[in-house]
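Notes follow once the structure below has been shown.
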Amino acid sequence: MISLKSISITGAYRKKNDDRVSHFENDDFLVALVCDGMGGHLHGDIAAEETAKIFTNQFSKNFSYISFQETSLW
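When we follow numbering that gives the first Met the number 0, the leftmost residue of the sequence shown carries the number 0, and every step to the right adds one.
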């Protein structure tokens, strides 16, 4: 069993943190995702947030039933 925790710290130059982290896991594997929010760009935080949500949702819908052994066939 893997215990997962995450932390993302605001850097020295920006007032907000645009980065996002997410993960998906089933009984056989864990997918961890880090999205760089492109700090300083307009809506970089939204881009990172949406990317994290979409990837996590797609993995949970499409890969929740796949075992580790099946991934070796990829």
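Every residue, glycine too, gets a C-beta built ideally from N, C-alpha and C.
Residue i: first and last residue of the uninterrupted alpha helix (DSSP H) it sits in
i, result
"ALA46", "43–61"
"THR70", "67–70"
Residue i versus residue j: straight-line alpha-carbon distance, rounded
i, j, result
"SER2", "PHE62", "20 Å"
"MET37", "TYR64", "33 Å"
"ASN25", "ALA51", "17 Å"
"ASN56", "VAL33", "15 Å"
"THR9", "SER21", "17 Å"
"SER5", "ASP18", "12 Å"
Residues sharing a beta bridge with residue i, DSSP
i, result
"PHE23", "VAL30"
Presumed contact (8 Å Cβ cut-off) between residue i and residue j, rounded CB distance
i, j, result
"THR82", "PHE28", "In the structure as shown, the chain begins at 0 and stops at 73. Residue 82 is therefore absent and cannot be evaluated."
"ASP35", "LYS15", "About 14 Å; that fails the 8 Å criterion."
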